[in-house]
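Q: Encoded as structure tokens, here's the structure I'll be asking about.
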Amino acid sequence: MIHAFARHLGILRAVLRRMFASRVGGLLNILVIGIALSLPAGMYVLLKNAQGLVEQLSGTPQISLFLALNAQESDIAELHGRLEANEAIANVEFISRDRALEQLKQSTGLADVIGSLEKNPLPDAFIVSPKQAEPQALDALRDELARLPRVEQAQLDSAWAYKLEALLRFGRLAVLILASLLSLALIAVTFNTIRLQILTQRDEIEVSRLIGATDGFIRRPFLYFGALQGLFGGIAAWLIVSASLLLLNRPLGELSQLYASQFVLQPLSPGDSLSLLLFSLYLGWLGAWLSVARHLSRIIPAN
Amino acid sequence: MISFNQVNKRYPGGYEALKNVSFDIAEGEMVFVSGHSGAGKSTLLKLVAGIERPNSGSVLVNNQNVGALKGAALPYLRRNLGIIFQDHKLLFDRSVFDNVLLPLQICGFDHRENAKRVRAALDKVGLLKREKANPIALSGGEQQRLCIARAIVNRPSILLADEPTGNLDTEYAHEIMDIFRSFHQVGVTLLISTHDESVLQDGAVRRLALKQGELQ
Numbered sequence: 001m002i003h004a005f006a007r008h009l010g011i012l013r014a015v016l017r018r019m020f021a022s023r024v025g026g027l028l029n030i031l032v033i034g035i036a037l038s039l040p041a042g043m044y045v046l047l048k049n050a051q052g053l054v055e056q057l058s059g060t061p062q063i064s065l066f067l068a069l070n071a072q073e074s075d076i077a078e079l080h081g082r083l084e085a086n087e088a089i090a091n092v093e094f095i096s097r098d099r100a101l102e103q104l105k106q107s108t109g110l111a112d113v114i115g116s117l118e119k120n121p122l123p124d125a126f127i128v129s130p131k132q133a134e135p136q137a138l139d140a141l142r143d144e145l146a147r148l149p150r151v152e153q154a155q156l157d158s159a160w161a162y163k164l165e166a167l168l169r170f171g172r173l174a175v176l177i178l179a180s181l182l183s184l185a186l187i188a189v190t191f192n193t194i195r196l197q198i199l200t201q202r203d204e205i206e207v208s209r210l211i212g213a214t215d216g217f218i219r220r221p222f223l224y225f226g227a228l229q230g231l232f233g234g235i236a237a238w239l240i241v242s243a244s245l246l247l248l249n250r251p252l253g254e255l256s257q258l259y260a261s262q263f264v265l266q267p268l269s270p271g272d273s274l275s276l277l278l279f280s281l282y283l284g285w286l287g288a289w290l291s292v293a294r295h296l297s298r299i300i301p302a303n
Numbered sequence: 001m002i003s004f005n006q007v008n009k010r011y012p013g014g015y016e017a018l019k020n021v022s023f024d025i026a027e028g029e030m031v032f033v034s035g036h037s038g039a040g041k042s043t044l045l046k047l048v049a050g051i052e053r054p055n056s057g058s059v060l061v062n063n064q065n066v067g068a069l070k071g072a073a074l075p076y077l078r079r080n081l082g083i084i085f086q087d088h089k090l091l092f093d094r095s096v097f098d099n100v101l102l103p104l105q106i107c108g109f110d111h112r113e114n115a116k117r118v119r120a121a122l123d124k125v126g127l128l129k130r131e132k133a134n135p136i137a138l139s140g141g142e143q144q145r146l147c148i149a150r151a152i153v154n155r156p157s158i159l160l161a162d163e164p165t166g167n168l169d170t171e172y173a174h175e176i177m178d179i180f181r182s183f184h185q186v187g188v189t190l191l192i193s194t195h196d197e198s199v200l201q202d203g204a205v206r207r208l209a210l211k212q213g214e215l216q
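Protein sequence lines, in the order shown, are assigned to chains P and D.
Under the working numbering, the letters of the first sequence match residues 1 to 303, in that order.
Under the working numbering, the letters of the second sequence match residues 1 to 216, in that order.
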């Protein structure tokens, strides 16, 4: 057991030595793979951040009912009753115009501007949480509520979130296509690297076969090489993405401070990082496997 | 140990390298295969190692029918053989020591034992002091001895040598033959091909004489 482990460790050592025998060549290959993988990985991170932002902002969909400015308290009470009786509505919250102004002051950092206003420009409002979240049901409910007396405007808060969600879906598809193409590129890079290696190590392979090496023994170093190169490429991609996010976060922090909010790009989660590394390792191994399967018997016929 | 029974070998293109060859070699025997070049000596050795397969007849090595062995079983047959190639097949990208180490790595022997075995093999052929050299820096005779060291390092019971004295002057050739004789004395079965009559003259040795693919 320990013996077998030591043997594999020995192969790994030999493979590493070969990979960095020409330091520039080995590093260049890894860099190429790293850059190729960092593009979809980086786009994925940005999308995930946008996704988080959308979820944070939209939450459950809500309909805001803005009342006419001249609405009396009796009108409001009657409306409140009708809304609570509505079957399609889960929850109703009344926000008076004073409270709305107070909230606006606190949340947007526009206190100075608001303080300078002579009178409150905001209407009274109801925040309605519907029971159903499907876009069609929401639209129907909004139309129904808009027709109620004293309701000036009924606004579906999450409409823009749906639009953004659709945009994100488009983005995810784009990332998927990009990732597929660049994965193919990674496989191709490994395929070719291993092909060249098999060519340069022809003599060793031939002699090894003649003195009793199994196919597995001959294949193993090449597969290890491919997998390791893929893994290192994955690590390079991770570093590129993480460094880019760090660089982006500072100007982004300054930018979001201007809007009195705090938004930072979240780095790759541990799970996503692990997936990236495993995926790149697997692709490298796959490229090597394909290359070995194709070239080993063609270049040096088994007897 | 090695047994040929009515073996025919025809290469693609129709060239008949061996015709109806039958012989038996007992364990511990030292046998020379002689004949001019093109007589089929190399083919005979390749059949023993499973590098070529016979078109008809059977080749038995250690009671295994080599011609019928599956590809996956061949490596394990070859680990019992030590092969000294006509063209040496040394690897010039590594030291003398690492060349001899290769068969042990292939067999997956214990790491700590390996260095000891390699040095023992190098000592037997008198190359112990050159272990760090690159094989390309060795003379023809030294390269031949290195090839022998690589063939014996995993202590095979059968040693095959294809023209081991081919390009060597007489003095070196006798040195090499002395090494083979020492293996013979410790019970190794040897099958050596040669066209060098001078080597055959010293001592009474069994000889398989090939002429145009047929045993004389």
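Virtual Cβ for every residue (Gly too), placed ideally from N, Cα, C.
This one's a predicted model, so the numbers in the text were calculated from it and none came from an experiment.
1) Using 10 angstroms around the beta-carbon of F126 (chain P), count the other beta-carbons present and answer buried if the total reaches 16, otherwise exposed.
2) Could you check whether the Cβ of G212 (chain P) sits closer than 8 Å to any Cβ belonging to chain D?
3) Could you tell me whether any non-hydrogen atom of the ligand ADP is closer than 7 Å to the CB of F225 (chain P)?
4) Taking all protein chains shown into account, do 16 or more other C-beta atoms lie within 10 angstroms of the C-beta of N192 (chain P), making it buried, or fewer, making it exposed?
5) To the nearest angstrom, how far is it from the Cα of G234 (chain P) to the Cα of M43 (chain P)?
6) Which of the three DSSP states, helix, strand or coil, is assigned to M1 (chain D)?
7) If you follow the beta strand (DSSP E) that S96 (chain P) is in, where does it begin and where does it stop?
8) Could you list which residues in chain P have their beta carbon closer than 8 Å to that of P233 (chain D), in chain order?
9) List the residues of chain P whose Cβ lies closer than 8 Å to the Cβ of K9 (chain D), in chain order.
10) Compile a chain-ordered list of the residues in the region 106 to 123 of chain D whose CB is closer than 9 Å to at least one CB of chain P.
11) Could you work out which residues of chain P lie near L91 (chain D), taking near to mean beta carbons separated by less than 7 Å?
12) Go to S304 (chain P), then tell me how far its alpha helix (DSSP H) extends in each direction, as first and last residue.
13) Would F246 (chain D) and G57 (chain D) qualify as a contact pair, given that the criterion is a beta-carbon distance under 8 Å?
14) Is Q132 (chain P) helix, strand or coil when you go by DSSP?
15) Between D87 (chain D) and R195 (chain P), what straight-line distance do the alpha-carbon atoms span, to the nearest angstrom?
16) Give the single residue among P:P267, P:A111 and P:A4 whose Cα lies nearest to the Cα of Q105 (chain D).
17) Could you check how far apart the C-beta atoms of I95 (chain P) and L145 (chain P) are, in whole angstroms? I think they sit under 8 Å.
18) Can you name, in chain order, every residue of its own chain whose Cβ lies under 6 Å from the Cβ of F308 (chain P), other than the five neighbours on each side?
19) Can you round the beta-carbon distance between L210 (chain D) and V66 (chain D) to whole angstroms, since I take them to be within the 8 Å contact cut?
20) Should K33 (chain P) be labelled buried (16 or more other beta-carbon atoms within 10 Å of its own) or exposed?
21) Taking a Cβ distance cut-off of 8 Å, strictly less, list which residues of the region 37 to 51 of chain D are near chain P, in chain order.
22) By Cβ distance below 7 Å, which residues in the same chain neighbour P164 (chain D) in space, the five residues on each side in sequence not counted?
23) Identify the contact partners of P54 (chain D) in chain P, using a Cβ-Cβ distance below 8 Å as the criterion.
24) Kindly give me the distance between the Cβ atoms of A149 (chain D) and V188 (chain D), rounded to whole angstroms, as I take these residues to be in contact under 8 Å.
25) Does I83 (chain D) have its Cβ less than 8 Å from a Cβ in chain P?
26) Count the other C-beta atoms from every protein chain shown that fall within 10 angstroms of the C-beta of S183 (chain P), then say buried if there are 16 or more, exposed otherwise.
27) Output needed for L231 (chain P): all residues of its chain with C-beta closer than 8 Å, excluding positions within five of it in sequence on either side, in chain order.
28) Which term fits Y224 (chain P), buried or exposed, when burial requires 16 or more other beta carbons within 10 angstroms of its beta carbon?
29) What would DSSP say about A188 (chain P), mapped onto helix, strand or coil?
30) In chain order, which alpha helix (DSSP H) runs of at least 4 residues are fully inside the region 3 to 61 of chain P?
31) Could you give the DSSP three-state label for F109 (chain D): helix, strand or coil?
32) Just to make sure I have the definition right: I need the residues of chain D whose C-beta is within less than 7 Å of the C-beta of F279 (chain P). Which are they?
33) Could you say which of D:P54, D:G35 and D:F23 lies nearest to P12 (chain D) if we only look at CA atoms?
34) So Q216 (chain D) is in the beta strand (DSSP E); what residue range does that whole segment cover?
35) Which whole-angstrom value is the C-beta distance of R78 (chain D) and G212 (chain P), which I expect to be below 8 Å?
36) Select from the region 2 to 13 of chain P all residues with a C-beta closer than 7 Å to any C-beta belonging to chain D, and list them in chain order.
A: So, from the data block:
1) By the 10 Å Cβ count, F126 (chain P) comes out buried.
2) Yes - at least one Cβ of chain D is within 8 Å of the one on G212 (chain P).
3) The ligand ADP is not part of the structure shown, which contains no ligands of any sort.
4) With fewer than 16 other Cβ atoms inside 10 Å of its own Cβ, N192 (chain P) counts as exposed.
5) Using only the alpha carbons, I get a separation of about 15 Å.
6) Coil, per DSSP.
7) Where S96 (chain P) is concerned, there is no enclosing beta strand (DSSP E), given that its DSSP letter is neither H nor E.
8) As shown, chain D starts at 1 and ends at 216. That puts residue 233 (chain D) outside it, with no answer to give.
9) Those do not exist, as K9 (chain D) stays about 14 Å from chain P at its closest Cβ, beyond 8 Å.
10) Those residues of the region 106 to 123 of chain D placed with their C-beta closer than 9 Å to a C-beta in chain P are I106, C107, G108, D110 and H111, ordered along the chain.
11) Per Cβ cutoff of 7 Å: D203, E204 and V207.
12) This structure cannot settle anything about residue 304 (chain P), because the visible part of chain P is limited to 1 through 303.
13) This structure cannot settle anything about residue 246 (chain D), because the visible part of chain D is limited to 1 through 216.
14) Coil, per DSSP.
15) The straight-line gap from Cα to Cα measures roughly 26 Å.
16) Proximity to Q105 (chain D) across P:P267, P:A111 and P:A4 peaks at P:A4, based on C-alpha coordinates.
17) With a contact defined as Cβ atoms closer than 8 Å, I95 (chain P) and L145 (chain P) miss out at about 15 Å.
18) Chain P is shown from 1 up to 303; residue 308 (chain P) falls before or after that span and cannot be answered.
19) Not confirmed; about 19 Å, so no contact.
20) Looking at the sequence itself, residue 33 (chain P) is Ile, so the reference to Lys does not match. It is buried - the Cβ of I33 (chain P) has at least 16 other Cβ atoms within 10 Å.
21) Listed in sequence order: A49, G50 and I51.
22) Its chain contains I84, Q144, I176 and I192 as the residues whose beta carbon lies nearer than 7 Å to that of P164 (chain D), once the 5 sequence neighbours on both sides are disregarded; these appear in chain order.
23) The premise fails here: P54 (chain D) is roughly 13 Å from chain P at the closest Cβ pair, so nothing lies under 8 Å.
24) Taking 8 Å as the upper bound for CB-CB distance, A149 (chain D) and V188 (chain D) are not in contact here, some 14 Å apart.
25) Yes, contact with chain P.
26) When all chains shown are included, S183 (chain P) counts as buried.
27) Cβ neighbours of L231 (chain P) beyond the five flanking positions: L277, S280, L281 and G284.
28) Around the beta-carbon of Y224 (chain P), 16 or more other beta-carbon atoms lie within 10 Å, marking it buried.
29) The DSSP-derived three-state label of A188 (chain P) is helix.
30) Restricting attention to alpha helix (DSSP H) runs no shorter than 4 residues, the region 3 to 61 of chain P encloses them at 23 to 58, ordered along the chain.
31) F109 (chain D): coil per DSSP, three-state reduction.
32) Simply none; closest approach about 32 Å.
33) Nearest of D:P54, D:G35 and D:F23 to P12 (chain D), Cα basis: D:P54.
34) Here Q216 (chain D) belongs to no beta strand (DSSP E), and DSSP marks it neither H nor E.
35) That pair is a contact at about 4 Å.
36) H3, A6 and R7: these are the residues of the region 2 to 13 of chain P whose beta carbon lies less than 7 Å from some beta carbon of chain D, given in chain order.
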